[in-house]
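A.B. asks: The structure is given below, and queries will be raised subsequently.
Chains as they are written, first to last, in our numbering: chain A, 11 to 660; chain B, 68 to 629.
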């Protein structure tokens with residue numbers, strides 16, 4: 011029996027805006043193309059398998075224009091044996107649903123052996139830098155009918171199965187997953203190896219196998235622009251330019267720090283977000299130009315999934331009830347929430363109190379911990395029965411894999427990581443139709459530089475929203491709703507992956523990607539108190555229920571004050587917290603380029619002329635040793651930079 | 068995983084103009100030969116030519132002024148007309164100025180050897196990239212992103228080069244993504260590594276190829292490319308300056324070139340034979356940009372790229388023996404730069420073509436012994452390389468220590484056919500031997516004299532940190548430092564004696580002296596990932612305490628247009 015490894019790879023333009031074209035300007039069309047960074051981690055995991063199975067055959071697999079050849083050959087120079095690409099003009103405009111289908115069809119018809127003794131493993135990166143959806147691995151898995159694990163940090167080959175460690179909200183989960191399977195690898199796994207010279211020589215000689223749609227026998231019904239369940243209806247640029255820094259003055263460090271409480275108060279934040287939502291309903295123009303088409307065909311209701319984490323309702327699941335409630339009211343329909351777990355009926359009232367009209371409770375001891383296959387099956391069966399027009403999920407590590415897998419199963423398009431959800435209309439001039447009402451799912455894309463509006467045409471119209479995007483509605487004791495029980499039909503096949511261990515504990519650098527507040531220290535913080543002040547502030551924030559993490563500048567890492575995993579900047583991690591606090595960091599351009607997409611940036615530095623003040627929103631000139639205790643005191647007294655607590659509601 | 072072994076007929080280390088010219092000419096000669104044997108439309112070269120380049124792409128590490136004398140390119144590619152070569156502009160206006168602190172004296176005539184009539188302004192990175200494209204089509208195997216980490220010997224003869232392993236942590240332990248080294252065995256290895264080649268250095272020492280020669284001496288040139296508003300500068304404009312901000316004890320000057328599309332190449336080069344341990348070429352360049360004559364060209368513009376390179380300028384007497392058994396040296400690595408015009412691209416390419424001619428005849432004779440390869444030296448002596456270098460063989464030596472007496476001596480050389488009034492061969496000492504102890508300067512150092520000029524506005528002048536960003540340099544942080552300190556104890560001696568000049572001579576902030584706040588003890592911290600591969604540290608460290616090795620292939624600056 012032979013083992014084949016298929017690694018899915020996409021070529022993307024270099025996203026780093028600090029990279030310039032030959033004319034000195036950033037030009038995306040001229041931007042250099044590279045292997046999508048996340049995909050390099052998938053490629054590496056494939057190569058790692060060769061350590062256990064030396065005769066495994068390695069295929070790098072892609073879909074895209076022939077210009078992807080350079081990246082396919084790069085994979086060969088790293089050690090892959092074969093390169094295959096699906097390339098067909100008719101695939102242009104395919105969304106993730108269509109991409110997942112097309113890739114799976116090619117794998118099935120051309121690459122996967124018909125002999126069940128021949129095993130295969132598919133590796134993929136977590137997500138692409140130009141799409142950011144993380145959908146395709148789940149959708150390929152669903153279309154092939156194989157189990158999956160996403161956000162995987164460790165893979166161990168154990169004969170007939172893999173033991174993988176995947177990131178989950180606030181921790182890790184170890185899963186035994188049978189082969190064949192598909193694994194999407196997180197960028198905290200083993201870094202991709204460099205090409206070898208022998209590999210480069212092989213790549214020079216290698217032929218890339220190119221297939222078209224006709225070769226793989228795929229009709230155009232479900233692919234390309236017309237076959238995709240979603241389209242991008244609008245894209246606008248997000249302005250990233252920061253206003254000039256506001257220096258926070260005062261006689262004493264305490265005075266200076268206290269200015270912050272005026273800027274980031276809870277009251278201000280709440281007022282802003284509610285104002286934003288009120289402006290969302292607007293009369294549509296030109297709606298009457300073409301006949302109005304209602305594609306819902308009787309589907310109605312907004313479905314949400316209530317995720318249980320460690321015996322509690324996940325915060326993001328309560329948050330998603332807010333837009334669900336609003337959309338339901340606007341459409342004159344109801345919110346149906348699916349609550350899955352072992353003995354979870356008692357949580358139904360909480361779901362109703364936060365905005366649901368109906369809670370579908372699924373009780374099964376096998377469903378105590380979330381697992382992709384039985385949860386997909388369960389929700390798919392609920393969808394079939396309830397026929398909702400919209401389905402919403404929190405974009406947790408579970409929601410981000412569940413939604414696309416479910417989408418491929420029930421034939422629906424999914425929009426990932428939405429920051430805004432509206433009801434609108436969509437005028438299609440080619441079809442001379444006005445689709446109304448449609449769900450407008452708005453999300454940042456292209457490395458957060460653009461805001462895209464995505465429309466889906468198949469019901470349910472699915473979307474996920476990042477945790478923290480919406481504020482959960484206040485609990486209303488008076489709200490009434492109905493609770494129904496549902497018993498799904500689950501088979502052994504739904505339970506072929508086994509959860510070995512679930513551990514909820516944050517470790518190291520990875521948390522920098524999800525933290526709401528990052529406090530980073532420069533070299534002086536190490537010299538003065540070995541980062542104690544930085545860590546104390548983070549601890550104080552955590553005590554207040556804020557997802558806070560600490561980072562460090564390269565100078566500080568070079569001095570050994572912090573591990574490389576915590577390095578923020580061009581050669582470390584690019585981070586996007588809501589609040590970034592740079593303490594004692596001079597503001598080298600290399601550091602600034604790694605933090606510029608943060609929400610608000612505060613700099614504390616003793617040097618009035620420090621470069622960092624040119625790149626931040628608020629500046630405090632002061633001595634680290636004196637300012638930090640004041641800031642820590644404020645946080646201990648309940649100040650949280652206007653952020654909400656992110657711990658799960660009890 | 069074990070190391071891997073591959074074989075080729077000719078291995079060229081370095082994808083600069085010299086290495087690429089070697090490869091292209093060798094392929095052309097091979098094919099000419101095949102055609103004359105009556106075979107038609109050959110698709111495969113009769114001998115394998117492999118070229119390794121440490122930059123991630125050809126051109127990433129190419130940097131020069133550059134003014135190119137097109138003579139070698141015309142000869143290499145006779146079928147291509149000048150107008151189809153990727154030059155920026157023909158030199159249209161050629162000026163030489165002497166700068167005082169606030170003014171300038173324009174030389175009424177172009178000093179001898181400074182003339183650039185018939186030469187072309189170019190971005191060397193664009194030229195090498197273009198040449199690589201041509202070479203690929205001719206069947207040459209070019210592998211960019213692979214370093215040469217070690218020379219391989221057998222019976223004291225070069226038999227190939229090792230391209231280093233990767234996936235090794237800072238402490239030298241293999242990690243999970245380890246890729247083993249590859250040994251490339253070749254009948255003939257051609258070193259085209261550029262200035263102060265790290266492998267060539269070991270080979271030259273091992274075979275004593277520089278015996279009885281003058282040591283090689285260098286300049287460090289730092290350069291920026293700018294995009295400026297329309298009207299700031301004319302395309303094809305060339306200005307060279309002497310004087311400010313360096314004093315008459317130093318051999319150096321600036322250049323300002325008007326390129327296409329309102330781009331400006333601007334730079335400053337200073338001989339590394341200076342005595343002042345606080346001298347900083349990067350800072351001198353920034354001060355130079357503040358001079359009113361210079362600043363006007365940059366006004367309203369913005370920096371696009373930054374880079375630095377050393378230039379071997381010892382001249383004829385500093386050229387080592389360029390061949391030994393199974394190997395030859397071409398280009399900057401061999402010190403083939405004509406002074407005082409500071410031009411070496413055409414000589415480098417020409418040397419490559421001569422080496423190619425030699426290599427083919429060696430391959431055909433199945434003999435690559437030193438005796439067979441001595442043909443290279445004969446060809447060299449009959450070529451315009453010698454004609455250009457010999458009359459100015461004593462030029463650079465004359466300027467050791469003083470610009471004015473240097474000019475007088477050079478004047479004498481001009482009327483005596485290069486000999487001057489003195490011995491036939493002027494000697495020279497290594498750059499690092501020129502330092503004088505810090506104390507002997509009585510605070511009259513570059514840093515003290517210039518202290519009011521050392522603030523950089525980040526608009527037209529930049530600190531090193533910011534300039535490095537514009538070099539595009541990038542190194543994997545997980546690798547052993549490619550900059551090796553022989554002895555940290557020596558660093559302490561150096562701190563006392565010279566105040567650690569590494570902080571100053573490095574144009575990329577690789578070296579930092581850090582003071583421990585508790586013990587007040589000063590020590591050296593390295594930032595190898597800042598490195599732009601100029602190798603000044605390997606040349607100018609007063610104790611020769613720094614060794615520059617190649618980092619992982621693909622690491623380093625990303626010049627492209629320098």
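Here a beta-carbon is modelled for each residue, glycine too, at the ideal position from N, C-alpha and C.
1) Mind checking which residues open and close the beta strand (DSSP E) that includes residue 257 of chain B?
2) Between the Cα of residue 126 of chain B and the Cα atoms of B/117, B/190, B/595, B/177, which residue gives the shortest distance?
3) Under 8 Å between the Cβ atoms of residue 174 of chain A and residue 185 of chain A?
4) Please tell me whether residue 282 of chain A has its Cβ less than 8 Å away from any Cβ of chain B.
5) In angstroms with no decimal places, state the Cα-to-Cα distance between residue 277 of chain A and residue 643 of chain A.
6) Based on the DSSP output, what are the partners of residue 474 of chain A in its beta bridges?
7) By DSSP's criteria, residue 173 of chain A is part of a beta bridge. Which residues make up the other side?
8) Which residues in chain B have a C-beta closer than 7 Å to the C-beta of residue 600 of chain A? List them in chain order.
9) Take residue 261 of chain A as the anchor and find which of A/648, A/636, A/645, A/649 has the nearest alpha-carbon.
10) From the beta carbon of residue 205 of chain A, is the nearest beta carbon of chain B less than 8 Å away?
11) Please check if any C-beta of chain B sits within less than 8 Å of the C-beta of residue 635 of chain A.
12) For the stretch 208-239 of chain B, list every residue whose C-beta sits within 8 Å of some C-beta in chain A, in sequence order.
13) Looking at chain B, which residues of the stretch 135-150 of chain A have a Cβ within less than 7 Å of any of its Cβ atoms?
14) Going by DSSP, what residues sit across from residue 120 of chain B in a beta bridge?
15) To the nearest angstrom, how far is the alpha carbon of residue 165 of chain B from that of residue 134 of chain B?
16) Taking the beta strand (DSSP E) that residue 16 of chain A falls in, what are its first and last residues?
17) Under 8 Å between C-beta atoms, does residue 439 of chain B make it to chain A?
18) Would you kindly report the start and end of the unbroken alpha helix (DSSP H) that includes residue 565 of chain B?
19) Can you find a C-beta in chain B that's less than 8 Å from the C-beta of residue 641 of chain A?
20) Identify the contact partners of residue 214 of chain A in chain B, using a Cβ-Cβ distance below 7 Å as the criterion.
21) Beta-carbon of residue 302 of chain B versus every beta-carbon of chain A: anything under 8 Å?
22) Residues in its own chain within less than 7 Å of residue 437 of chain A by CB, not counting five upstream and five downstream?
23) Looking at the structure shown, is residue 141 of chain B part of a helix, part of a strand, or coil, going by DSSP?
24) Could I get the ranges of all uninterrupted beta strand (DSSP E) runs contained in the stretch 562-623 of chain A, with 3 residues as the minimum, in chain order?
25) At a CB-CB cut-off below 7 Å, which residues of chain B make contact with residue 200 of chain A?
26) Measuring alpha carbon to alpha carbon, tell me which of A/364, A/352, A/535, A/348 ends up nearest residue 393 of chain A.
27) Do three or more CB pairs link the stretch 530-544 of chain B to the stretch 422-429 of chain B at distances below 8 Å?
28) On the three-state DSSP scale, how would you describe residue 545 of chain A?
29) Measure the beta-carbon distance from residue 577 of chain B to residue 538 of chain B and round it to whole angstroms, keeping in mind my assumption that it falls under 8 Å.
30) The stretch 564-587 of chain B: which residues have C-beta closer than 7 Å to a C-beta of chain A, in chain order?
31) For residue 33 of chain A, does the three-state DSSP call read helix, strand or coil?
32) Within 8 Å (strictly less), CB to CB, does residue 71 of chain B reach chain A?
33) Below 8 Å CB to CB, which residues in the same chain sit around residue 166 of chain A once its five sequence neighbours on both sides are set aside?
34) Would you say the stretch 79-98 of chain B touches the stretch 195-203 of chain B, given that touching needs at least three Cβ pairs under 8 Å?
35) Sort out for me which residues DSSP pairs residue 257 of chain A with in a bridge.
36) When you compare each of B/511, B/564, B/371 to residue 328 of chain B by their alpha carbons, which one comes out closest?
C.D. replies: By the coordinates alone:
1) Against the second chain, residue 257 of chain B aligns to sequence position 190. Looking at the DSSP string, the run of the beta strand (DSSP E) that includes residue 257 of chain B is 249-258.
2) Residue mapping note: residue 126 of chain B aligns to position 59 of the second chain, counting from 1. Ranking the options by Cα distance to residue 126 of chain B, first place goes to B/190.
3) Locating residue 174 of chain A in the first chain gives position 164, counting from the first residue. Locating residue 185 of chain A in the first chain gives position 175, counting from the first residue. A contact, by the Cβ cut-off of 8 Å.
4) Taking the first chain and counting its residues from 1, the one referred to as residue 282 of chain A is at position 272. Reliability of the predicted coordinates at residue 282 of chain A is poor, the pLDDT of 34 falling under 50, and the value obtained from them is presented with this limitation in mind. So no, residue 282 of chain A is outside the interface.
5) Walking along the first chain from the start, residue 277 of chain A turns up at place 267. Walking along the first chain from the start, residue 643 of chain A turns up at place 633. Note on residue 277 of chain A: pLDDT 40, under 50, position unreliable in the model; no value is reported.
6) The count along the first chain starts at 1 and reaches residue 474 of chain A at position 464. Its beta-bridge partners are A/403.
7) Locating residue 173 of chain A in the first chain gives position 163, counting from the first residue. BP columns for residue 173 of chain A point to A/166, A/186.
8) On the first chain, position 590 is the one that residue 600 of chain A refers to. 536, listed in chain order.
9) Reading the first chain from its first residue, position 251 is the one you call residue 261 of chain A. Among A/648, A/636, A/645, A/649, the Cα nearest to that of residue 261 of chain A is on A/636.
10) For the purposes of this step, residue 205 of chain A is identified with residue 195 of the first chain, where counting begins at 1. Chain B, which has a Cβ nearer than 8 Å to the Cβ of residue 205 of chain A, makes this yes.
11) Position 625 of the first chain, counted from the first residue, corresponds to residue 635 of chain A. Output row for residue 635 of chain A: interface = no.
12) 208, 210, 212, 213, 230, 233, 234
13) none
14) Translated into the one-based positions of the second chain, residue 120 of chain B becomes position 53. BP columns for residue 120 of chain B point to B/211.
15) Your numbering for residue 165 of chain B matches position 98 in the second chain. Your numbering for residue 134 of chain B matches position 67 in the second chain. In a straight line, the C-alpha of residue 165 of chain B is about 20 Å away from that of residue 134 of chain B.
16) By one-based count along the first chain, residue 16 of chain A stands at place 6. That run of the beta strand (DSSP E) goes 13-18.
17) The count along the second chain starts at 1 and reaches residue 439 of chain B at position 372. So, not an interface residue.
18) Position 498 of the second chain holds residue 565 of chain B. Element bounds for residue 565 of chain B: 555-565.
19) Walking along the first chain from the start, residue 641 of chain A turns up at place 631. With 8 Å as the cut-off, residue 641 of chain A does not count as an interface residue toward chain B.
20) As a first step, residue 214 of chain A is located in the first chain; it is residue number 204 there, counting from the start. By Cβ distance, chain B contributes 208.
21) Taking the first residue of the second chain as 1, we reach residue 302 of chain B at position 235. Taking Cβ atoms only, chain A never reaches closer than 8 Å to residue 302 of chain B, which makes this a no.
22) Along the first chain, read from residue 1 onward, the residue named residue 437 of chain A stands at position 427. Closer than 7 Å at the Cβ level, and outside the excluded window around residue 437 of chain A, lie 296, 299, 300, 444.
23) Your numbering for residue 141 of chain B matches position 74 in the second chain. Residue 141 of chain B falls in the helix class under three-state DSSP.
24) 589-593, 610-615
25) For this step, residue 200 of chain A is matched to residue 190 along the first chain. Going along chain B in sequence order, the residues near residue 200 of chain A (Cβ under 7 Å) are 243, 244.
26) For the purposes of this step, residue 393 of chain A is identified with residue 383 of the first chain, where counting begins at 1. Closest by alpha carbon: A/348.
27) no
28) On the first chain, residue 545 of chain A is found 535 positions in, with the first residue counted as 1. Here residue 545 of chain A sits in helix by DSSP.
29) The sequence position of residue 577 of chain B within the second chain is 510, counting from 1. The sequence position of residue 538 of chain B within the second chain is 471, counting from 1. Their Cβ separation, rounded to whole angstroms, is 12 Å, which puts residue 577 of chain B and residue 538 of chain B out of contact at 8 Å.
30) 584
31) For the purposes of this step, residue 33 of chain A is taken as the residue at position 23 of the first chain. Low confidence applies to residue 33 of chain A: its pLDDT is 40, below 50, so where it sits in the model is not reliable, and the reading given next is rough at best. Coil, per DSSP.
32) Position 4 of the second chain holds residue 71 of chain B. With 8 Å as the cut-off, residue 71 of chain B counts as an interface residue toward chain A.
33) As a working note, residue 166 of chain A is residue 156 in the first chain. Answer for residue 166 of chain A: 172, 173, 174, listed in chain order.
34) yes
35) The residue you call residue 257 of chain A lines up with position 247 of the first chain. Note: residue 257 of chain A sits in a beta bridge opposite A/629.
36) The residue labelled residue 328 of chain B in the question sits at position 261 within the second chain. Taking only the C-alpha atoms, the option nearest residue 328 of chain B is B/371.
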